[in-house]
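Working notes, structure below.
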Amino acid sequence: MADAETQDQGLESLSAEERRFPPPPDLAAHANVTEATFAEAAADDVAFWAEQARRLSWATEPTETLDWSGAPFATWFADGTLNAAYNCLDRHVEAGNGDRVAFHFEGEPGDTRTITYAELTAEVCQAANALVELGVKSGDRVAIYMPMIPEAAVAMLACARIGAPHTVVFGGFSSDALATRILDCGVEVVITADGGFRKGKASALKPAVDEALERCPDVRSVLVVRRTEQETAMVEGRDVWWHDLVASQPTEHAYEAFEAEHPLYIMYTSGSTGKPKGIFHTTGGYLTGVAYTHWATFDLKPETDVFWTAADIGWVTGHSYLVYGPLANGTTSVMYEGTPDTPHQGRWWDIVDSYGVTILYCAPTAIRTFMKWGADIPAKADLSSLRLLGSVGEPINPEAYVWYREHIGHDRTPVVDTWWQTETGMHMISPMPGVADGKPGAAMRAVPGVSVKVVNDEGQPVSDDAAGYLVIDRPWPAMLRGIWGDQERYVDTYWSRFPGVYFAGDGAKLDADGDIWLLGRVDDVMNVSGHRMSTAEIESALVSHPKVAEAAVVGATDDTTGQAIVAFVILRSEAGDGGPDVVDELRKHVAREIGAIARPRQIMVVEELPKTRSGKIMRRLLRDVAENRELGDVTTLTDSTVMDLIKGNLAGSS
Ligand code: WTA
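Here the sequence shown is numbered in full-length UniProt numbering, starting from 1 and rising by one per residue.
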C-alpha cells in the first residue's frame, strides 16, 4: 500500500479511541432504520431495493430490478419510466403539501427567500419551458455554473424535467476548468449568473463563462441569472437574461416520463490522472438510492425536520443531499450562499437558530475551522433545535467528532460519519443513528442494502482488526453508470484492481467489532477541505507555466484542511532562479488554471526530484519532507543523494 507508513500512524491513534455514544433512547424508539432492516436487506438486497423504489412515483412501474449480466455495467429498474423533477416537486403538491417550504434560502448579504413546493414547482416549469424555447431537447447536455442560489437548483430540476442531463461546474473553478468540461461532454447551452456573494463581496462569474466560451464554439445560448447586479457584458444573439426569458414563461409544463436508465447528470471529479472524469448517473436507480439514504441515514421526519446540507451544489453532496434526496422526500431544507465567517464567525449558528435547523450535514474541515475559532462562538446561539449531525467528504478525526457532538450537538445528537463518493452517488457506509453506538472516527458499517469489504493486496477479506483496501462487492442502485465518453477508463479505474468488485481508492480498517474506519486515499488523489484534487492535475497546471520544467505535488497533513497541497518544482534553466516572486507567480497560475481551491499551500523550488528506477516520482518521500518527518526508505531511489539535495535546498530557502 502506497501509504503504509501514514496509515500505521493513523491506526495507532484510532485503536486507542474507546469512547462510545449510544443512540438517544427517544430517537431509537422512533428510528426509521432498525437492526431488523439490516437483516431484511441482507437476506435479499435486490428485493430490498425493489421495495425502496416504491418511494418514487413511477409513470410505468418497473417489473425488473437489477440486471448485472453485463457487469460491471448495471441497469436498475430498466423497464420503469419516471420523471425526476415530478418526483421532487409536483407529486408533493398533488399530495397537498404545496405550502410546505422546500428551501429557506439565505443570501450572504442577508437577503432571504422562502420557497414552497408549489412555488418551486412553478419556477421549475417556467425554466423548463425556457430551455425548450432555447432548443434544448431530451439527451442534450446543459452546463450549470452558478453561485449557491435557488436558481441553481431550479436549473438542475428544469434540465431533469426535460431529460437534458446537467453538468454542474463548481462556481469556484476557473474558466479553463469550465471549458474542459463543456468540451468533454458536448454542451451547447450554459446557465450561469452575473456573480454571487462571497466573503462580503460580489464576485463575478459571467466573465469566466465568456472566457471559457472562446474555446467552445458549439455553445449557442447562455442563460444568465441576475444576482449581484454588477456590470455584465452580454453577447448579442447568445446571452439572455433569466428574468427576461424565464419569468415570462407559463408556470405549467407537461412533463415526459423517461426510462429509468435515462442519464440524469454528469459530475466531473478528479482521478489519479490529469484529466477529470465525467461520472454519469441515471434516473431511477440514483433517485431511489438518494431518497432512501437521505431518509435512513438522517432518520428523516419530513413533516418536522429542517435539514441543512452546508455544501455547494457544485459537488456531489449538493446534488444528492441538497437537491435530489431531500426534494424527493419532500423535505424542508436550508440553502446558504456564502462563507461561514461573513459577516462574523457565528453566521452558521445564527442560521441554525433562526430556521430551527434539526439536522446539519457538513465537512470535517468546517468543523475543524470552528474548533479553531473557539467554542464560545456557537455557544452564543440557540442550537437546541439540532437533533442529528452529519459529516461528509473526508475522514473525521475523533477530536473533531467529539467537539462537533459536544459544542454543536450539546452531547445530545448522534454524529453520522457518511462515507461515499461522486461515483457511488449515495451514502455507502454510515452509522444508522437509531442503531449504532457511535465511535468517534468510525464510519461504522455499510448502509442497509449495500455490501462492502476490506481486502488485502490479493483481494482476500482481511480479518477483524486489520487494514486493507475498501471494495464494494455488490452493485447498488445509485452507482455510476460509467465515465462519460470513456467506458474503458471506467472498467480500468474501478473494476480492474480486484476483479469483480468495485475498488474505491480508499484504505480502511476493520475493528474487532467488524466496524469500518476510513483511512484516506491510497492513490494519488488528495482530499483538501473535503474536495478531491488529483496530484497529476495540479502538476500539469504547474508545468504549463513557461518557467517550470517539472513538478511533483503531494498532499501533506494539515490540521484544518485535512490535506494541503504542497508542490515541488524544478525551474527551466532559462528561467534562472525564477526571481523573488516566482512562488507567488506559480501559486496564482495554478489558481487561474484550475481554481482557487487548487492553489498550493506551499511551493518549493528544488533542483531534483526523487524517482524510482522506473522513473516514477516517489511521492511518499516528498510527503515526508512536506510534513517534516524523518525520511522513509530511500533504497529504491535512482540517486539517494537527491533527497539530501532537496532537504539541503529547503533548509537554505526557509
Ligand atoms: C473521501 C464526496 C473518509 C474518500 C462525498 C472518498 C471520506 C472521496 C468520507 C470521495 C468519509 C468521503 N470518511 N473519507 N466519511 N467521505 N471521503 O467524490 O477518500 O468528492 O473516496 O465525494 O472522499 O470524494 P467525492
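Using N, Cα and C, we set each Cβ at its ideal position, and we do this for glycine too.
Is it the case that the CB of Thr269 approaches a heavy atom of the ligand WTA more closely than 7 Å? Yes - the ligand WTA has a heavy atom lying nearer than 7 Å to the Cβ of Thr269.
Please go through the same chain and pick out, in chain order, the residues whose beta-carbon is closer than 7 Å to the beta-carbon of Arg623, but skip the five residues on each side of it. In the same chain as Arg623, and ignoring 5 residues on each side of it, the C-beta atoms closer than 7 Å to its own belong to Val554 and Ala556, in chain order.
Using the beta-carbon count (16 or more within 10 Å), is Thr297 buried or exposed? It is buried - the Cβ of Thr297 has at least 16 other Cβ atoms within 10 Å.
Could you tell me whether any non-hydrogen atom of the ligand WTA is closer than 7 Å to the CB of Trp420? Yes, since a heavy atom of the ligand WTA falls inside the 7 Å radius drawn around the Cβ of Trp420.
Look up Gly555 in the DSSP assignment and say whether it is helix, strand or coil. In the structure shown, Gly555 sits in a strand (DSSP, three-state: E or B).
Backbone CA spacing between Glu94 and Thr493 [nearest angstrom]: Going by the C-alpha atoms only, they are around 43 Å apart.
By Cβ distance, which residues of its chain are closer than 6 Å to Ile472, with the 5 residues on each side in sequence left out? Sequence-distant partners of Ile472 (beyond 5 residues in either direction) whose C-beta falls short of 6 Å from its own C-beta, in its chain, are Val452 and Tyr502.
Using the Cβ count rule (16 or more neighbours within 10 Å means buried), how would you classify Asp464? Residue burial is scored here from C-beta neighbours: Asp464 has fewer than 16 other C-beta atoms within 10 angstroms and is therefore classed as exposed.
Whole-Å CB distance - Gly98 paired with Tyr117, under 8 Å assumed: About 5 Å; that satisfies the 8 Å criterion.
Report yes if the C-beta of Leu518 is less than 7 Å from at least one heavy atom of the ligand WTA; otherwise report no. It does: the Cβ of Leu518 is within 7 Å (strictly closer) of some heavy atom of the ligand WTA.
Flag this pair as yes or no: are the beta carbons of Ala467 and Gly507 separated by less than 8 Å? Yes, these two residues count as a Cβ contact at 8 Å.
Roughly how many angstroms separate the alpha carbons of Ala84 and Val582, rounded to a whole number? Taken atom to atom, the span from the alpha-carbon of Ala84 to that of Val582 is near 50 Å.
Can you find the residues in the same chain that come closer than 6 Å, C-beta to C-beta, to Glu64, ignoring five residues on each side of it along the sequence? Excluding its 5 nearest sequence neighbours in each direction, Glu64 has C-beta neighbours in its own chain below 6 Å: Ala78 and Asp79, listed in chain order.
Length of the line joining the Cα atoms of Leu183 and Glu488: Rounded to whole angstroms, Leu183 and Glu488 show a C-alpha spacing of 19 Å.
For Ala4, count the other beta carbons within 10 Å of its own beta carbon; 16 or more makes it buried, fewer makes it exposed. Which is it? Confidence at Ala4 is low in this model, with a pLDDT of 40, below 50, so the placement of that residue should be treated as unreliable; the coordinate-derived value is given next. Around the beta carbon of Ala4, fewer than 16 other beta carbons sit within 10 angstroms, so the residue counts as exposed.
Report the partner residues of Gly48 according to the DSSP bridge assignment. In the sequence as displayed, the identity of residue 48 is Phe instead of Gly. BP columns for Phe48 are empty, so no partner.
Residues bridged to Cys125 (per DSSP): According to DSSP, which records beta bridges pairwise, Cys125 is partnered with nothing at all.
In whole angstroms, what is the alpha-carbon distance linking Ala43 and Thr424? Near 22 Å, if we compare the C-alpha coordinates of Thr424 and Ala43.
With H, G and I counted as helix, E and B as strand and the rest as coil, what does DSSP make of Ala59? In this structure, Ala59 counts as coil in the three-state DSSP scheme.
With a Cβ-Cβ cutoff of 8 Å, do Leu82 and Val124 count as a contact? 8 Å or more divides the Cβ of Leu82 from the Cβ of Val124.
Is it a yes or a no for the stretch 342-352 touching the stretch 379-399, going by three-plus beta-carbon pairs under 8 Å? Taking a cut-off of 8 Å on C-beta distances, the stretch 342-352 touches the stretch 379-399, as three or more cross pairs fall below it.
Tell me Trp517's beta-bridge partners as DSSP assigns them. In the DSSP output, where bridge partners are listed per residue, Trp517 has Lys509.
Simplified DSSP state of Cys185, which is helix, strand or coil: In this structure, Cys185 counts as helix in the three-state DSSP scheme.
Ala443 (DSSP reduced to helix, strand or coil): In this structure, Ala443 counts as coil in the three-state DSSP scheme.
Residue 677 - DSSP class collapsed to helix/strand/coil: Absent from the model: residue 677. The displayed extent of the chain is 1 to 654, so no value can be given.
Hey, quick one: how far does the beta strand (DSSP E) through Val452 stretch, first residue to last? Note, Val452: beta strand (DSSP E), Val452 to Val455.
Can you name, in chain order, every residue of its own chain whose Cβ lies under 6 Å from the Cβ of Lys199, other than the five neighbours on each side? Counting only Cβ-Cβ distances below 6 Å, and skipping sequence neighbours, we find Thr339 and Thr342.
Answer yes or no: do Gly356 and Val306 have a C-beta to C-beta separation smaller than 8 Å? In contact: Gly356 and Val306 (Cβ atoms closer than 8 Å).
Per DSSP, which residues does Trp241 bridge with? Please list them. Looking at the DSSP assignment, Trp241 forms a beta bridge with Val224.
Whole-number beta carbon distance between Thr369 and Arg387, since they are thought to touch under 8 Å: The Cβ separation is near 23 Å, so there is no contact.
Consult DSSP for Trp419 and reduce its assignment to one of helix, strand or coil. Trp419: strand per DSSP, three-state reduction.
Can you give me the C-alpha to C-alpha distance between Asn32 and Gly96, rounded to a whole angstrom? Spanning the two alpha carbons is a distance of roughly 23 Å.
Taking its Cβ as the centre, do 16 or more other Cβ atoms sit within 10 Å of Trp68, making it buried, or is it exposed? By the Cβ-count criterion, Trp68 is exposed, with fewer than 16 other Cβ atoms from all chains shown falling within 10 Å of its own Cβ.
Taking the DSSP output, what are the residues bridged to Cys362? Ser391.
Distance check for Ala177 and Asn456, CA to CA, integer angstroms please. Each residue's Cα considered, the two are about 36 Å apart.
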